[in-house]
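The structure under discussion appears below in the form of structure tokens.
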Amino acid sequence: MAATSNKPRVATVSLAGCFGCHMSLLDIDERLLDLAELIEFDRSPINDYKSFDGRRCAVGLIEGGCANEENVRVLRDFRTHCDVLVSVGACAINGGIPALRNMVSVEECIDEAYRSGLTVVNPDGILPDDPELPRLLDRVRPCHEVVKIDYHLPGCPPSADTIWNALTALLSGAPPELPYPLIKYD
Amino acid sequence: MNAPITITIDGVEVPATPGQTILEAADAAGIYIPRLCYRPGLEPYGGCRVCMVHVAGRACAACTQPVSPNMVVENDTGELQEQRKMIIEMLFVEGNHFCMFCEKSGNCELQALAYRFGITAPRFDLFFPKRDVDASHPEILIDHNRCILCAGCVRASRDLDGKSIFHFTGRGPDRRIAVNAEAQLAATDADVTDRALDVCPVGALLRKREGYRTPVGQRPYDQAPIGSNDQPEEA
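See the structure below:
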């Protein structure tokens, strides 16, 4: 592991999301070099660290809402280790596309996916039940219904400019204030 | 009888005509009062409550309240703007508003108001109600998930198209738009040219095969907020 630095640490995670918000983070292009000067990544899909190592993080960026027990556990872990938590994107804020299942019961949803769906071939009707698989929540929940979230960056995904704007503001100790064209729900 | 009178909106004296509503006088004077269910040319409904203003300390809907001489109207106050913001947030959590795949995104007045008020997340828990889609008509789609019960289609179909295809049914949380047929829209005489299709502020009543035509960045509310000067009022 690299020598310890005093740079603020930023952790990121994709819960029930599609990694589109992380793609949008990478879409800040050459500003990634500036970002590398400013911060140290803690656990994140970008460096593939899987867990916190006990050091405080200045900012945690949460993509995706909570669809299962694992999402809730990871989100609570982020809340424990990060000074500021930011919901990034529609799924973290509203549940997004995964929340389309909220209008039907978990039972109906599982049945459609593994038994009765038009393209499903499962003659024995076997359902995934490995103990390693996290159990689904009754419905997909936005992150702020599970833990305290400090700021929200809407968008599907939020644009690279939105993420850059908010992240640089937070690193300078200011709350993110998005100009009109950067608040978008799509 | 119709001699011009003067009212005051946020300390600005505004000319008005007896018979006008506060909203009409404000629009004529170039003062924006946020609104959602109001449509020029349709009978005011007063349903969404976004245009609530204070007159002599009492709250009233600017779209239904007639002007009176020397009326003093408060519009742009912290309290009213906060209440409007809360109404917008409640409308968002009450329905299923998935902007990311909605054809109306970028041209939706509910979304545009949320942008204008700088809403980044609703403060209320989401309902996720189970609502239907009526895609029976070959040219027209009704998506109840997005309906905010503004009665725009009800009024336009009745008063502009003379068809009365849409009406309300149910009460309270069960209130929804119904069509004038045994079952679905296809059984009505709804037509793709109906004016009722032009007044839906959200993506609940849509012409099929017209979505996503305008590129992102060029849609009506992409660059400038609803109610700003370069947002011409819809006819």
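These protein sequence lines are chains L and Y, in that order.
Going left to right, the first sequence walks through residues 2 to 187 as the working numbering numbers them.
Going left to right, the second sequence walks through residues 642 to 876 as the working numbering numbers them.
Cβ atoms here follow ideal geometry from the backbone N, Cα and C, with glycine treated the same way.
Values in this document were obtained by computation on a predicted structure and should not be read as measured data.
Beta carbon proximity, Y/Pro856 to chain L, threshold 8 Å: no
Whole runs of the beta strand (DSSP E) within the segment 38-90 of chain L, excluding any shorter than 3 residues: 58-64, 67-69 and 83-89
Interface flag, L/Asn69 vs chain Y, CB-CB below 8 Å: no
Beta-carbon proximity check, L/Glu71 vs L/Val14, cutoff 8 Å: no
Residue from L/Pro132, L/Asp130 and L/Tyr115 with nearest C-alpha to L/Pro124: L/Tyr115
Continuous beta strand (DSSP E) assignments of at least 3 residues falling wholly in the segment 672-731 of chain Y: 693-696, 699-702 and 713-715
Whole-number beta carbon distance between Y/Leu754 and Y/Val857, since they are thought to touch under 8 Å: Wrong, their Cβ atoms sit about 19 Å apart, outside the cutoff.
Segment limits, alpha helix (DSSP H) that includes L/Thr169: Ala161 to Leu172
Test: Y/Ala762 CB closer than 8 Å to a CB of chain L: yes
Collapsed DSSP secondary structure at Y/Ala755 in the structure displayed: helix
Contact list for the segment 674-708 of chain Y against chain L, Cβ threshold 8 Å: none
Beta-carbon proximity of L/Val60 to L/Val87, cut-off 8 Å: yes
Three-state class that DSSP yields for L/Met2 in the structure shown: Residue confidence for L/Met2 is low, a pLDDT of 49 falling below 50, so the modelled location carries little weight; the figure read from the coordinates is stated next. Three-state result, L/Met2: coil.
Terminal residues of the alpha helix (DSSP H) in which Y/Val820 lies: Element bounds for Y/Val820: not the alpha helix (DSSP H) but the beta strand (DSSP E), Arg817 to Val820.
Separation of Y/Arg676 from Y/Val714, as counted between CA atoms: 16 Å
Buried/exposed call for L/Gly18, threshold 16 Cβ in 10 Å: buried
Cutoff 8 Å: Y/Glu735 Cβ touching any chain L Cβ: no
Near-chain Y residues of the segment 166-184 of chain L (beta-carbon distance less than 7 Å), N- to C-terminal order: Tyr181, Pro182 and Ile184
Spatial distance of L/Leu168 from L/Pro9 (CA atoms): 11 Å
Spatial neighbours of Y/Val899 in its chain, beta-carbon cut-off 8 Å, leaving aside the 5 residues before and after: Residue coverage of chain Y in this structure runs from 642 to 876, which leaves residue 899 of chain Y outside it and unanswerable.
With 16 other Cβ atoms within 10 Å as the buried cut-off, status of Y/Ile674: buried
C-alpha distance - L/Cys110 paired with Y/Asp717, whole-angstrom precision: 47 Å
Cβ-Cβ distance between Y/His778 and Y/Ala827 below 8 Å: yes
Beta-bridge pairing of L/Arg10 - partner residues as DSSP gives them: L/Glu41
Contact between the segment 761-768 of chain Y and the segment 779-799 of chain Y (3+ Cβ pairs under 8 Å): no
Proximity below 8 Å, CB of Y/Ile789 to CB of Y/Leu732: yes
Nearest to Y/Asn786 (by Cα), restricted to the options Y/Arg757, Y/Cys678, Y/Phe758 and Y/Phe742: Y/Phe742
Cross-chain neighbours of L/Arg140 in chain Y, by beta carbon under 8 Å: Phe769
Selection from Y/Ala702, Y/Ser869 and Y/Tyr853 that minimises the alpha carbon distance to Y/Glu744: Y/Tyr853
Of the residues L/Ile94, L/Val122 and L/Ile47, the one placed nearest Y/Leu767, counting alpha carbons only: L/Ile94
Y/Ala657: first and last residue of the uninterrupted beta strand (DSSP E) it sits in: Val653 to Ala657
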